Structure formats: C-alpha cells, structure tokens
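Colleague: Residue numbers (the numbering used here), protein chains in the order written: chain A, 39 to 349; chain B, 500 to 999.
The C-beta atom is built at its ideal place from N, Cα and C for all residues, glycine as well.
Note that the structure is a prediction, hence the values are computed from the model and not measured.
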C-alpha cells in the first residue's frame, strides 16, 4: 500500500463515520440551543445524556422496540429537565449550580440503573439498521454517506431544519427568543416566560436523552460507566460556537464527528503514540473553537438569569 | 372614558399615591405633571396593571375593570411607553413589533409588519425602517417603535412616561405632531412629565400631583405656567439665572482634527476640533447620533482614535488610557448613570473612589484604606445633598436624581481640570436639574473647564460660554455667547453650514 491509498482509505473512513459520531452531539446540542434561547443554561446535558444511554439500552433489551427505546430515553431525560426547571425557573435558583447537580444525578443514576438491572452481565445490542435505497445507496463514495445512514440521523436532520425554521421564522420562535433576551419584555407583550422556559427545557431534555440512547444503541452497542465522557459539555460549547444557529450546529457536530473518527482511525496506525493523546483531541478542538468564537457572538441577553419580577 | 377613583398605593415607608382621582377622555392629551417622586408613574403603573392599588377602583366607560397585568391592560386597549423601553436591542424593528402578536398567522412575515407600518406612517407621520436592528436606532426612533407597538395592539389609550426626556428638540417636535395626530383619531393620551413647556404646548387637560396627591386639576385653557409651577413644587419659582464670573486661568484641552472610525468602517467622528479653556463651559449641541457619544468616548479613552490629537495643558494624551487621562486631570459624568456612572450593585463608598482608588489615601500598601474611602463617600453625600441612608447604601437603591448628584459630587471632588458632562440633567426633576446646573457653573467659576454635551438646547444656551454644534461627526466653529440664537443653532444642528 502506498501513501496515497492509505490517505484515501483513511479519509473515506473519516467521512463515512462522521454522521454517526456527530449524531449524539447534534441531538444534545440542538436541545441545548433551544434551552439557551429561552434563557435557560442547562449544564446538565451530560447527566441527561448518561441517563438516556442506560434507559435506551434497557428499554431496547426488554421491549425490542427501537422507537420505544429512544422515546423513553428521551422522556427519562425530560424528568431531569423538569427538575432543573423546577429549581431554576420556579424556585429561581442558580442555573449553573442546578445544572451541575443534574450532571451528577444523571451520572449516578445511569450506573445505578445498569447495575440494578443487569448486575455484571455485559449486554450487547444491535444498532438501528441503516436504510437502503436501491441504486442511490450504492452510488460510489457518496452513496453510503448521503443515502445509507440509519433513520435516526435523518430524523435529527429534519429536527434541525425544523428547529431552525421555528426559531427564526415563526412567532413562537420569536416569542421564545424574546424570553431569552428579556423575560420582562416578553411578559409585557403577553408572552408567558415560565411557559416558554419549561417548554424549552422539556425539549432540551428530550433531545439530550435521544443523544444518549443513540450512543449506547447505535455507536457502542453496550453500556459503559460514564460513557459520554464529556460529550454533553461539548454539546454546550458547540451551541456557543454555533452562535445559536442550528445550521451551524450541524456543521460543528459533523466536525466533531470527524475528530472522533479521526482519532479512532489514526490510533491503529500510530501505535507508538499513547492513545490517550488522541482521546484528548475533541476537548482541545472545543477549546480552540471557543477561543475562535470568543466574545463576538451575541448570546441571549437573559441567559442563565432567573426571571424575578419586581414590585 | 377612563376614571380612576380613590387610588391608594403604598410602598414600604412611602405613600406613593394618596387617594387620587384621575379622568381620561378620548381625543384629549392629558398631562400628568409633577416632580420626580410625586407619584405620577406609580399612578399610571396602577392603571397599566404593573402595580395593584391598595384601594380604589378603575372604571372604563362606567364599568369597573380589573387590570392585573400588561395583558389585561392590552385587552382593555391601554398601552404604556415606559422610560426604559420594552424593546429587544438584538432584534429588528419588525421582530420587536411581532413579539406576542396574535394576528397575522404563525409564520413571521416582514411584509405584514411592513404594511401595518405604512398605515401608521400615513396616518400619524411615524416612520421607521423595519429591517433595522433596534440597537442601531436612536432613542427617538426607539420611542417611535414603542408607540407603533402599542398601536399595533390596538391601543386607544396611550400612556407615555417622560417621553421627551431623551429626545432632541426636533425629535420632541415630531413626537408632539404624532401625538396630536393620534389625538385627532380619538385616542386618549397621557403624558407624564415634569416639563412645564410641554404641558403648555400639547396638553388639553392637566393634573398636577405633589407627594402622591392631586393638587391641581383643570383644562389647560387659561392656565399659565406660573400656576402650574407653583402647584407642582408648592412655591413660586423663577427661571434660574446662573452667575458667571470672569475667570483667569491658564491652560486648555485641545481636541484637534479627531477621527473615530466605527466597527463597520464608518466615520463616526470626522475632523472634530474643539478648544476648551479653563474657566469656560463649552456646550456641544447636536441631534443625538451625530457623533457626540463617540467623541466623548474617544476623549475619555474608551474608543480608539484613528487620527488627530488630544492635548491637555500641553500634554499629549491621544494614546493614553482612561486611568492616565483621569490622573492628568480629566473627569467624566456619563449619560448612562446606572451602567457607566457607577457599579450599580456596589456601595456608595466603593463607588466614590472609581476615579481615585489607585492612589493614596485610598490605596495604601496595595490595600484599600476603607476609613479614607468612607470619609470621601460621606463627604460627597453631605456636600452634594445626596439622599442616601449612609455611605454603605448600594448605588442601585438611589433614585436617578440622587445617583446623579452622587456622580457629579464624586467627579468634582476629584478636582479634574476638565470635566466632561453628557446630558447631565436628563430624567431629573426640577430641583435636581437646577442643582446639577448650578454645580457645573460653580465648577467653571472655580477656574475649571467643562465640556457640556447635551440634547437640551435650553440648557446649553443657559450654561455655555461657547457652543459647538456636531453634525454627522463634524464640529462647527464655536459660537460665542453673545451670538447665541436658538433658531440659528437649531439650523446648524440640522446641517446648515456643514459641508458634505
């Protein structure tokens, strides 16, 4: 094998693996994006994803239904989201502190549930089957990439387009963004900030749960403790990088997908370098991206601020 | 017709509104006059549902109504423009107008808003570009958006709280024209104000509040401004005269051909030249948004200077930072009291050393000397009549007037050779306004230079030794006091004599 063919195989592998690796981050980041535009910073995404990983796996094992697995994984994370909402929206507590608590709760719960249900037996599941469209999927190079992914990926893509349209082209999206900019103005204009913030937090939780379930079911095929390994935080960072624009989230998630595939692939070619160095890559990329974006983006003005009425 | 009867509203320790009756008729402009703290805004906030009255009732066309929030007010077709606008700066005008809108479908359509705007433009002469971001609009334009927002929601009762406090004379004139057009349409309009001439100019009916009570109520016809002034503050006031002394002082602040380029590569300040001598007040006139703000920011060291120079007493400070400029004798009373004048959630003590905390006696061995800091704060409070519980009170608990007195005091006790004051009396009541103006003139009489940037032309005419007009970033040659002419300067503010 000469150098060029190695490079070719390597880049194909990166491209082919990209959407799958990008999906969980994209799902969680999309939820976080909506959350933040309503003014709620949810740092608990990591915990919500972790809960989603085990709930998705368990439901799949017991029911055999992928649909139920993703749905219930999403709903389980919604419960955590509602808790975050109760603490931060209704009781007006600090969102950073509450979000951190959510992270730990999700982290602890995921390990607990796994041990309680499966003891130490290793459970392995099959991923959601990829779709197959005759001819299109067989197209050279791009066929698999564009027409041969699993249905969840396409649904997430549709969700992304839908959310982008909702946020920037509908009244509901405008109202939601108003709540994130200035809840008092929203209230004066007849928009209920509490309602919108809860709705956003429910959506954010659901998407984080889906992202987690995707990780166990479609990527790893099994549960590991703390298996998200910071993916939830990367999702949060990605929202800043994307400047609260879902289409930029998509690009960002794909870039991260590429980073993951890149290090998984290159590891085996460079055994002399400790694999831990490659595992650091996504986090280093995150830092660089955030530095790049810096303070140039306009964050929702009321982000992470509880809405407390005066008078 | 709206009638408020026997309204009482008490805040802890203050009876803000004390058994007030207030009537509002369609097709009338009703001026609600009173000093700051007289209860005008509180009374209207009760009508608008922001506060709940402790007792009393509101009737609309004879029927009692309950208004508990802004949504109730809207459904009773009452709208209010607060002093602090309810706009989202990051959104466009169209977006701001569409927030919470029920009609026009689920999808955002700029054409829908655009066509409604066109209607308002034809009817009331209110025009605005819906695609611009609110952040980029002048205060006058933002106010137009606020008024449009209410009209959009079908308001037929409009309450405007101190609507001209941040407007230029021209903008205020435009607003009055629009209000008159709205009145002719049969809208009922309340203008909360403490400016007598506004009442004389636009009101049909006037109610004067003092310390929460109605002290005067009448149709405007036949009422003189003396009567109103007396009702408002309880004794006869004469229009203030400022005693200016001949001052002999050496030294000047020279701004020479200053250029400031904005983030979008637009020229914000263009070849501005001003010479401020000690013992002199130079007034900077201009319609807001003509580079005054940027000039001041560049002068104080908060904005990058692209070309030109600033020298102070012969010393070049063009590339000095804020601290160096303050240390070489520059003071600043910013327009934005709460955001730029003080650190709003810190105590008055800490706020008193904002421009002096870097040296003795306030900083000793790199540690704060709180005894000295507190002493300074106490001095400001007592010397400048700041109504505050103590020097430990937080800046955010002071009223606008007291906060301004505090800032003026802090800057003046720091004894800068040259003091910049931007709209120093905007939003203040008569008492505080007079106080601040008198202090500025006294400061000048002590041989200091004052650069007074103001949108209140009468203030500039009364206080300045010379006036420089700014138009599209450029400065006019200075006009001497003996040549002051309201109309001439007004024309310069609109661009006369400037080359383009």
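Give me the DSSP bridge partner(s) of residue 563(B).
Modeller: Beta-bridge annotation (DSSP): residue 563(B) is paired with 558(B).
Colleague: Taking only beta-carbon positions, decide if residue 277(A) is within less than 8 angstroms of chain B.
Modeller: no
Colleague: When the Cα of residue 208(A) is compared with those of 595(B), 770(B), 803(B), 604(B), which residue comes out closest?
Modeller: 604(B)
Colleague: Measuring alpha carbon to alpha carbon, tell me which of 834(B), 875(B), 856(B), 691(B) ends up nearest residue 544(B).
Modeller: 691(B)
Colleague: Residue 620(B) and residue 626(B): beta carbons closer than 8 angstroms?
Modeller: yes
Colleague: Leaving out the 5 sequence neighbours to the left and right, which residues in its chain are closer than 7 angstroms to residue 820(B) when beta-carbon positions are compared?
Modeller: 800
Colleague: Tell me the residue span of the beta strand (DSSP E) that contains residue 758(B).
Modeller: Judged by DSSP secondary structure, residue 758(B) falls within the beta strand (DSSP E) whose first and last residues are 751-760.
Colleague: Find out if the Cβ-Cβ distance for the pair residue 638(B), residue 665(B) is shorter than 8 angstroms.
Modeller: yes
Colleague: Under 9 angstroms, CB to CB, which of the residues in the segment 212-229 of chain A have a partner in chain B?
Modeller: 212, 213, 215, 216, 219, 220, 222, 223, 224, 225, 226, 227, 228, 229
Colleague: If you follow the beta strand (DSSP E) that residue 279(A) is part of, which residue opens it and which one closes it?
Modeller: Per DSSP, residue 279(A) lies in no beta strand (DSSP E); the unbroken alpha helix (DSSP H) holding it starts and ends at 269-279.
Colleague: Strictly below 8 angstroms CB to CB, what residues from chain A border residue 605(B)?
Modeller: Within chain A, the residues near residue 605(B) are 208, 209, 210.
Colleague: With DSSP collapsed to three states, give me the class of residue 503(B).
Modeller: strand
Colleague: What number of angstroms, rounded off, separates the C-alpha of residue 43(A) from the C-alpha of residue 295(A)?
Modeller: About 22 angstroms.
Colleague: Got a sec: is the Cβ-Cβ distance from residue 336(A) to anything in chain B below 8 angstroms?
Modeller: yes
Colleague: Taking DSSP as the reference, what is the three-state secondary structure of residue 144(A)?
Modeller: helix
Colleague: On the DSSP letters alone, give me the boundaries of the alpha helix (DSSP H) that residue 991(B) sits inside.
Modeller: 985-992
Colleague: Residue 216(A) lies in the alpha helix (DSSP H); which residues open and close that run?
Modeller: 209-219
Colleague: Can you have a look at residue 133(A) and say buried or exposed, based on whether 16 or more other CB atoms are within 10 angstroms of its CB?
Modeller: Flag for residue 133(A) reads buried.
Colleague: Let me know the secondary structure DSSP gives residue 1017(B) once reduced to three states.
Modeller: There is no way to answer for residue 1017(B), as the model of chain B reaches only from 500 to 999.
Colleague: Relative to the alpha-carbon of residue 909(B), which residue among 928(B), 942(B), 926(B) has its alpha-carbon at the smallest distance?
Modeller: 942(B)
Colleague: Does the beta carbon of residue 642(B) sit closer than 8 angstroms to a beta carbon anywhere in chain A?
Modeller: no
Colleague: Note down, in chain order, each residue of its chain lying with its Cβ closer than 7 angstroms to the Cβ of residue 895(B), except the 5 sequence neighbours on either side.
Modeller: 843, 844
Colleague: Where residue 846(B) and residue 963(B) are concerned, what is the direct C-alpha to C-alpha distance, given to the nearest angstrom?
Modeller: 34 angstroms
Colleague: Can you tell me which residues form a DSSP beta bridge with residue 632(B)?
Modeller: 591(B)
Colleague: To test your reading of the DSSP string, which unbroken alpha helix (DSSP H) runs of 4 or more residues are found completely within the segment 294-326 of chain A?
Modeller: 313-317
Colleague: Could you tell me which of 678(B), 931(B), 841(B) sits nearest to residue 892(B), measuring between CA atoms?
Modeller: 841(B)
Colleague: Looking at residue 537(B) and residue 507(B), is the spacing between their C-beta atoms short of 8 angstroms?
Modeller: no
Colleague: Taking one C-beta from the segment 771-783 of chain B and one from the segment 949-964 of chain B each time, how about it: are there three or more such pairs within less than 8 angstroms?
Modeller: yes
Colleague: Would you say residue 238(A) reaches chain B, if we count a Cβ-Cβ gap shorter than 8 angstroms as a contact?
Modeller: no
Colleague: When the cut-off is 8 angstroms and only beta carbons count, does residue 589(B) lie next to chain A?
Modeller: yes
Colleague: Measuring straight from C-alpha to C-alpha, what distance separates residue 667(B) and residue 792(B)?
Modeller: 14 angstroms
Colleague: Do we get a CB-CB distance below 8 angstroms when we pair residue 818(B) with the residues of chain A?
Modeller: no
Colleague: Is residue 926(B) helix, strand or coil by DSSP?
Modeller: coil
Colleague: Quick one: which chain B residues come within Cβ less than 9 angstroms of residue 339(A)?
Modeller: 587, 588, 589
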